[in-house]
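J.:
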Amino acid sequence: MVMRFRDRRDAGKQLATQLAGYRNRPDVVVLGLPRGGVPVAFEVASELHAPLDVMIVRKLGLPGQEELAMGALAQGGIRILNDDVISAVGIPNEVIDAVAAREQQEIERREHLYRGDRPALDVRGRTVVLVDDGIATGATIRAAIAALKRQHPAHLIIAVPVAAATTCDELAAQGDKVICLLKPDMLYAIGLWYENFSQTHDEEVRQLLACARSMPTSGVQKQVR
1 MVMRFRDRRD AGKQLATQLA GYRNRPDVVV LGLPRGGVPV AFEVASELHA PLDVMIVRKL
61 GLPGQEELAM GALAQGGIRI LNDDVISAVG IPNEVIDAVA AREQQEIERR EHLYRGDRPA
121 LDVRGRTVVL VDDGIATGAT IRAAIAALKR QHPAHLIIAV PVAAATTCDE LAAQGDKVIC
181 LLKPDMLYAI GLWYENFSQT HDEEVRQLLA CARSMPTSGV QKQVR
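For the sequence shown, full-length UniProt numbering gives the first residue as 1, with consecutive numbering after it.
(1) Measuring only the C-alpha atoms, how far is Ile56 from Gly125?
(2) Would you mind sorting Thr14 into buried or exposed? The rule is 16 or more other CB atoms within 10 Å of its CB.
(3) To the nearest whole angstrom, what separates the beta carbons of Thr137 and Pro153, a pair I think is in contact under 8 Å?
(4) Whose C-beta lies closer than 7 Å to the C-beta of Val89 among residues of the same chain, with five residues either side of it excluded?
(5) Can you tell which of Ile145, Ala100, Ile179, Arg6 has its C-alpha closest to the C-alpha of Ala16?
(6) Give me the residue from Gln75, Ala74, Lys59, His112 with the minimum Cα distance to Leu68.
(7) Assuming Leu171 contacts Ile141 under a Cβ cut-off of 8 Å, what Cβ separation, rounded to an integer in Å, is found between them?
(8) Could you name the residues of the same chain whose beta carbon sits closer than 8 Å to that of Val224, not counting the 5 residues immediately before and after it, in chain order?
(9) Whole angstroms is fine: what's the gap from Thr167's alpha carbon to Ala144's?
(10) Taking buried to mean at least 16 other C-beta atoms within 10 Å of its own C-beta, is Asn196 buried or exposed?
(11) Between the C-alpha atoms of Gln65 and Pro216, what's the straight-line distance to the nearest angstrom?
(12) Please report the distance separating the alpha-carbon of Val160 from that of Ala210.
(13) Just to confirm my understanding: we take His155, look at its own chain, exclude 5 residues before and 5 after, and list those with CB closer than 6 Å. What are they?
(14) Please state if the CB of Glu47 and the CB of Arg9 are separated by a distance shorter than 8 Å.
(15) Who are residue 230's beta bridge partners in DSSP?
(16) Span of the beta strand (DSSP E) holding Ala164?
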């Protein structure tokens with residue numbers, strides 16, 4: 001087992017080896033969390049011969065300490081709050097609402113930027129592989145799970161290169177399966193587990209999604225009408 005990944009693409013290739021049982025299945029769709037989860041998800045989708053789309057989620061960062069998640073927001077109006085952080089810091093509701101309103105605008109911007117006029121893939125009755133580049137607090141992935149469950153997929157597999165062992169255990173109750181390559185007792189930061197953890201930009205996400213659309217898949221890409 002590797003101790004660190006070279007970059008997100010390397011992590012995606014290694015993650016795909018643990019998902020080989022889903023290769024060439026017409027019911028499988030891969031969703032990546034932008035931005036950093038998309039390069040990982042692209043490699044997974046390529047190896048599985050599955051369609052790729054994005055699941056747009058935004059962290060609700062604590063004002064002044066934006067890297068600390070007080071919750072997360074997902075497309076469809078899903079809001080997940082980290083009650084421990086909110087209680088410890090004493091964050092008033094109006095601050096949470098203001099941050100959520102700003103992040104909702106960013107979700108809408110990204111939906112238009114990444115998809116244009118194309119609708120999201122229809123996941124109803126399908127096997128969804130939800131991919132990110134790692135899980136820290138778990139707020140964003142929980143928001144994504146909640147939003148996805150409203151769309152009634154048949155099965156949900158959470159697949160990440162690295163996450164804290166306790167987080168994996170907690171998420172196992174929310175998805176059909178959790179696949180994680182590295183489960184350190186002390187995560188510290190996701191970037192520590194990558195040799196190259198440079199920022200993923202919007203244009204890279206757009207290019208990867210466009211490339212994925214041009215690749216053959218095992219099933220028909222059903223779309224939301």
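Don't be surprised by glycine CBs; every beta carbon is placed ideally from N, CA and C. What you are looking at is a predicted structure, and each value in this text was computed from that prediction instead of being measured.
T.: Taking the geometry as given:
(1) 20 Å
(2) For clarity, residue 14 is Gln in the given sequence; the question names Thr instead. By the 10 Å Cβ count, Gln14 comes out buried.
(3) Actually they are not in contact, since the Cβ atoms of Thr137 and Pro153 sit about 24 Å apart, beyond 8 Å.
(4) Leu62
(5) Ile179
(6) Lys59
(7) 7 Å
(8) Bear in mind that a pLDDT of 38 at Val224, under 50, signals an unreliable position, so the number given afterwards is only what the model happens to contain. If we look at Val224 and ignore the five residues flanking it on each side, its Cβ neighbours are Pro119, Ala120, Leu121, Asp122.
(9) 15 Å
(10) exposed
(11) 43 Å
(12) 22 Å
(13) Thr127, Asp176
(14) no
(15) No statement about residue 230 is possible, as the shown extent of the chain runs from 1 to 225 and does not include it.
(16) Here Ala164 belongs to no beta strand (DSSP E), and DSSP marks it neither H nor E.
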